[in-house]
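Taking it in order: structure first as C-alpha cells, then the write-up.
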Amino acid sequence: TYDLVFNSQTYSSIPVDISATDLANRLQSSSDFGYLNVTRIGDCSGYSYTIEWITNGGQKSPISITNTASILPAGTTVTPS
3 TYDLVFNSQT YSSIPVDISA TDLANRLQSS SDFGYLNVTR IGDCSGYSYT
53 IEWITNGGQK SPISITNTAS ILPAGTTVTP S
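Position one of the sequence shown corresponds to residue 3 (our numbering), numbered consecutively onward.
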C-alpha cells in the first residue's frame, strides 16, 4: 500500500493494484477533488493512473506519494507525474 497526499490531506493505505473506480471513489470522498474520471492502464508489473477533474477544475496542487515501504518487491517505485 501507499499513501497519497493532496492539499495537505492524506489518503492512507491505497493498494498498489486499486481499480480506477475504487481510486476515484476514495478520492471523491473529499471535496478537494470533486468529481473525477480515473483511468488505469498496465498490468500487475506496473499500473499507471490518470486523474481527470470533471468538477473543481483549474490549476491543482501537486499530488505526492508517501509511505511506500510496504510495497513489494523492495525498491519498487511509485511516483506521481
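Positions of the beta carbon are idealized from the N, C-alpha and C atoms, including for glycine.
field: Three-state secondary structure (DSSP) of aspartate 45
entry: Here residue 45 is taken as the residue at index 43 of the sequence shown, counted from 1. Strand, per DSSP.
- request: Please state if the CB of leucine 38 and the CB of isoleucine 53 are separated by a distance shorter than 8 Å.
  value: If you number the sequence shown from 1, residue 53 lands on position 51. If you number the sequence shown from 1, residue 38 lands on position 36. Contact annotation: isoleucine 53 and leucine 38 have beta-carbon atoms nearer than 8 Å.
- prompt: Apart from the five residues just before and just after asparagine 9, which ones in its own chain have a Cβ nearer than 6 Å to its Cβ?
  reply: The residue given as residue 9 occupies position 7 in the sequence shown. Excluding sequence neighbours, asparagine 9 sits near Asp34 and Ser63.
query: Buried or exposed: leucine 6, going by 16 or more other Cβ atoms within 10 Å of its Cβ?
result: Here residue 6 corresponds to residue number 4 of the sequence shown, with the count starting at 1. Leucine 6 comes out buried.
Residue from Ser21, Ser14, Gly48 and Ile20 with nearest C-alpha to proline 75: Taking the first residue of the sequence shown as position 1, residue 75 is located at position 73. Nearest option by C-alpha distance: Gly48.
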